[in-house]
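Protein chains in written order, with this note's numbering: chain L, 1 to 358; chain W, 359 to 716. The C-beta atom is built at its ideal place from N, Cα and C for all residues, glycine as well. Presented below is the structure to which this report refers.
There are 2 protein chains.
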Amino acid sequence: MTSMSDVPAPRQASRRPTMRDVARLAGVGIKTVSRVVNGEPDVSADTAERVRKAADELQYEPNMHAGNLRRGDGRTHTIGLLVSSVANPFAAQVHRAIERVATERGYAVFATSLEDDPAAERRAITALARRRVDGYVVTPVRDDQSYLQVHLDRGNPMVCIDREPTGIDVDTVVTSNYDSAREAVRHLIAQGHRRIAFLGDLERIQTAQLRRDGYLAELADQGVSPDPALTVLDLHDDTSATAITRRLLTLPDPPTAIFSSQNLVTVGAIRALQQLGAEHDVALVAFDDVESGDLVTPRVTVVAQDPDRIGRLAAERLFARLDGDVSPPRQLVVPTRLVVRGSGEIPGPGRAVATGST
Amino acid sequence: MTSMSDVPAPRQASRRPTMRDVARLAGVGIKTVSRVVNGEPDVSADTAERVRKAADELQYEPNMHAGNLRRGDGRTHTIGLLVSSVANPFAAQVHRAIERVATERGYAVFATSLEDDPAAERRAITALARRRVDGYVVTPVRDDQSYLQVHLDRGNPMVCIDREPTGIDVDTVVTSNYDSAREAVRHLIAQGHRRIAFLGDLERIQTAQLRRDGYLAELADQGVSPDPALTVLDLHDDTSATAITRRLLTLPDPPTAIFSSQNLVTVGAIRALQQLGAEHDVALVAFDDVESGDLVTPRVTVVAQDPDRIGRLAAERLFARLDGDVSPPRQLVVPTRLVVRGSGEIPGPGRAVATGST
DNA sequence: GAATGACCTGACAACGTTGTCGGGCCTCGT
DNA sequence: ACGAGGCCCGACAACGTTGTCAGGTCATTC
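Below, the structure is given as structure tokens:
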């Protein structure tokens with residue numbers, strides 16, 4: 001009866017209805033529609049009902065942008081997230097945790113992957129600022145963040161994650177990189193290792209430096225003099241890590257243990273160990289949990305980060321600021337968890353004589 | 359000289375400058391500022407220079423929302439992405455591919471994780487519609503998407519990924535679930551297996567059904583009658599998968615091979631195999647590449663999806679629609695790649711007599 | 001019976017930007 | 001000298017919504 005033809009879908013592009021259209025159909029003023037849509041008081045029950053029916057019939061969806069423009073606080077209920085690289089499962093987990101908190105509060109999240117490119121950081125911030133996000137969660141990639149101060153001054157809070165920012169004083173949520181690296185190395189030394197190789201990410205990445213510093217500090221503390229030949233930096237993917245690890249292991253005086261300080265690098269190291277059949281002879285402790293790290297043989301001992309907690313804390317800090325918290329910025333350090341699985345407990349040469357020595 | 363104190367940062371919250379402010383400072387009309395900011399012609403070189411300097415001095419950032427509101431096409435240069443679950447590395451990869459294409463075109467991406475919750479799908483769409491995204495990339499979760507037709511009619515294109523939508527006719531980009539499942543099973547049968555277990559995801563998920571259908575069809579085609587006891591559905595995480603796999607393997611007449619049809623389920627299956635020391639005796643082929651699947655022993659043979667290609671194709675389709683493409687919706691099927699690594703080549707009982715039998 | 005106040009409603013301006021349009025100036029051709 | 005046309009520029013309305021405010025109706029109170 002009502003259908004005029006039997007094509008499955010009405011193809012004509014309908015104009016998007018506005019409050020004006022709803023008002024006309026319901027026979028009320030436009031402001032009354034606004035009141036109903038926003039649940040404001042002072043609308044009689046049956047007027048409200050009429051408006052709701054009209055809105056329903058037109059499939060009206062309010063335009064948040066128009067509303068935010070006029071509204072006093074100008075909030076867009078949107079936050080921006082800058083993540084180092086989506087390739088990294090760590091970042092994906094953080095993203096998810098943040099998104100969950102945001103959704104609960106009616107916020108939407110713009111996520112951008114920087115792929116560790118400093119230029120991308122600026123570009124992303126500009127794009128977000130033009131879209132008037134209320135706040136930012138940033139993984140610093142450039143070596144100076146002072147250019148972000150203006151956004152803080154304008155009332156848009158910011159929380160940095162994973163790495164400490166430079167040039168601005170904001171809430172940060174980071175992993176205990178230095179201490180956890182020390183713990184990993186301490187663990188290996190306790191198994192009797194002295195020649196411990198370090199496999200590090202790009203040196204310009206702060207966490208890579210901190211983990212290396214922790215590595216060196218723990219060696220020093222335990223009276224082990226580090227062999228520069230065993231400290232490798234600037235690895236960023238599994239292929240290069242495999243190559244380097246192979247070279248280290250075929251050295252005249254090879255390491256008896258490896259501390260791998262990043263996810264993909266660990267994968268590369270494991271592959272190299274397997275290729276040389278050394279996986280049961282050379283100990284391995286990895287920073288950051290490697291997916292299904294308990295499936296490989298031997299199972300991988302790791303210092304596991306807690307990306308879910310990092311994301312949640314960052315989001316909570318950001319929303320606290322948006323809610324008006326003006327207390328001094330906090331530096332939150334999220335501890336890691338040493339997960340003992342086997343690869344890190346392969347004994348070193350010092351083990352046999354450990355009790356007798358020193 | 360110019361600094362009045364030595365606090366590091368000017369704490370006072372500055373009002374955000376508008377075009378009006380820039381215009382006043384540059385001594386020009388507001389429309390002229392608009393012209394300069396948008397690179398429109400008909401502004402003299404030195405006026406433009408003055409405007410640029412003023413904008414710079416005030417650190418002016420144009421308000422895209424206000425612009426979009428007034429602008430003819432009303433485009434927000436924003437797209438929405440609904441992903442099944444961020445926990446899944448597959449989704450993370452897709453997300454990244456889409457984001458890359460979008461960023462190239464000056465688009466920002468709202469990503470929402472549905473965690474396979476049907477209610478979340480509707481909520482997310484509403485939130486995106488109110489923010490007036492230009493288009494959608496959707497992983498269907500509900501069993502009916504016809505409620506989305508209205509957005510199509512209003513000129514907001516949509517591309518579905520991973521699963522076919524129901525009730526709407528839009529571009530889709532999916533993996534060759536059925537055919538690839540058949541290929542996996544064919545591979546196992548070729549190794550001499552007859553008792554092949556199937557481990558499936560939640561039955562309400564379409565891809566899970568397709569993979570099971572492929573599994574059953576290939577068995578039938580090869581004259582193998584399926585044992586219902588070996589077909590398990592509704593697994594969704596590694597823990598339950600481990601439990602089920604253990605039970606299957608301790609059956610009086612256990613399977614000699616396993617086809618695991620989802621990522622996390624595969625992890626659970628591998629764990630069970632290892633726990634029972636059966637990883638070298640029972641063959642395993644998995645759907646969807648499992649991260650570091652070539653690190654475990656034996657290395658895992660998989661039918662690998664191509665999430666990067668899926669994401670890229672989806673984004674390209676969406677932008678083509680936004681650019682005015684009105685050709686009939688396309689169904690793009692992205693093939694998988696059989697990656698032979700070892701676990702799938704463990705011979706079955708039929709193998710020894712394979713040449714003599716039939 | 002008039003004043004009070006609670007309740008309900010819509011006209012109007014404003015948010016920050018862009019489309020439209022008209023006007024001033026200058027150059028050029030006649 | 002004058003009109004045509006190109007270049008530059010700004011006043012004004014409009015996008016879709018919400019804040020403000022004034023006004024109308026009705027029951028209650030003295």
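Collapsed DSSP secondary structure at residue i in the structure displayed
i, result
"Arg429(W)", "coil"
"Thr484(W)", "helix"
"Ser240(L)", "helix"
"Thr603(W)", "helix"
"Met4(L)", "Unreliable positioning characterises Met4(L) in this predicted model, as indicated by a pLDDT of 44, which lies under 50. A coordinate reading is not provided."
"Arg570(W)", "helix"
"Gly80(L)", "strand"
"Leu295(L)", "coil"
"Thr336(L)", "coil"
"Gln580(W)", "coil"
"Gln549(W)", "coil"
"Tyr136(L)", "strand"
"Ala636(W)", "coil"
"Ile310(L)", "helix"
"Val658(W)", "coil"
"Leu386(W)", "Sequence check: residue 386(W) is Val here, not Leu. Three-state DSSP puts Val386(W) in coil, outside helix and strand."
"Ser44(L)", "coil"
"Leu233(L)", "coil"
"Ala354(L)", "A caution first: Ala354(L) carries a pLDDT of 42, below 50, which makes its placement in the model too unreliable to give a value."
Expected contact under 8 Å - CB spacing of residue i and residue j to nearest Å
i, j, result
"Ser260(L)", "Ala269(L)", "5 Å"
"Asp529(W)", "Arg675(W)", "4 Å"
Counted within 10 angstroms of its Cβ, other Cβ atoms place residue i as buried (16 or more) or exposed
i, result
"Ala229(L)", "exposed"
"Thr126(L)", "exposed"
"Asp664(W)", "buried"
"Ala45(L)", "exposed"
"Asp681(W)", "exposed"
"His193(L)", "buried"
"Val684(W)", "exposed"
"Asn63(L)", "buried"
"Gln191(L)", "buried"
"Thr139(L)", "buried"
"Gly706(W)", "buried"
"Ala54(L)", "buried"
"Asn396(W)", "exposed"
"Asp400(W)", "exposed"
"Ala477(W)", "exposed"
For residue j and residue i, the rounded distance between their alpha carbons
i, j, result
"Phe468(W)", "Ala575(W)", "39 Å"
"Pro157(L)", "Gly80(L)", "11 Å"
"Thr76(L)", "Glu203(L)", "38 Å"
"Val623(W)", "Asp253(L)", "42 Å"
"Leu332(L)", "Ala257(L)", "31 Å"
"Arg500(W)", "Asp592(W)", "16 Å"
"Asp702(W)", "Arg130(L)", "As written in the sequence, residue 702(W) is Gly, which differs from the Asp given in the question. Their Cα atoms are separated by approximately 52 Å."
"Pro416(W)", "Pro375(W)", "Note that residue 416(W) is Leu in the sequence shown, not Pro. Roughly 7 Å between the two C-alpha positions."
"Thr655(W)", "Ala641(W)", "12 Å"
"Ala286(L)", "Ile244(L)", "16 Å"
"Arg490(W)", "Val391(W)", "26 Å"
"Arg373(W)", "Arg154(L)", "6 Å"
"Pro8(L)", "Asp571(W)", "Here the model assigns Pro8(L) a pLDDT of 44, short of 50, so the residue's position is not dependable, and the following value carries that caveat. Approximately 29 Å, taken between the alpha carbons."
Close beta carbons around residue i, own chain, < 7 Å, minus the five adjacent residues each side
i, result
"Tyr573(W)", "Ala539, Val543, Phe556, Phe617"
"Asp431(W)", "none"
"Ala91(L)", "Val83, Ser84, Ser85"
"Ala278(L)", "Leu249"
"Thr242(L)", "Gly268, Arg271, Ala272"
"Ala406(W)", "Val394"
Cβ-based neighbour list, residue i, same chain, cut-off 6 Å, excluding 5 preceding and 5 following
i, result
"Tyr494(W)", "Gly438, Met516"
"Asp652(W)", "Arg699"
"Thr470(W)", "Leu440, Ala482"
"Leu671(W)", "Val531, Leu690"
"Gln620(W)", "Asp559"
"Val692(W)", "Thr533, Asp664, Arg667, Ile668"
"Ala455(W)", "Asp666, Gly669, Arg670"
Own chain, CB closer than 8 Å to residue i, minus 5 neighbours either side, in chain order
i, result
"Ser225(L)", "Leu219"
"Pro604(W)", "Sequence inspection shows Arg at residue 604(W); the Pro mentioned does not correspond to that position. So the qualifying residues of the chain are Ala630, Gln633, Leu634."
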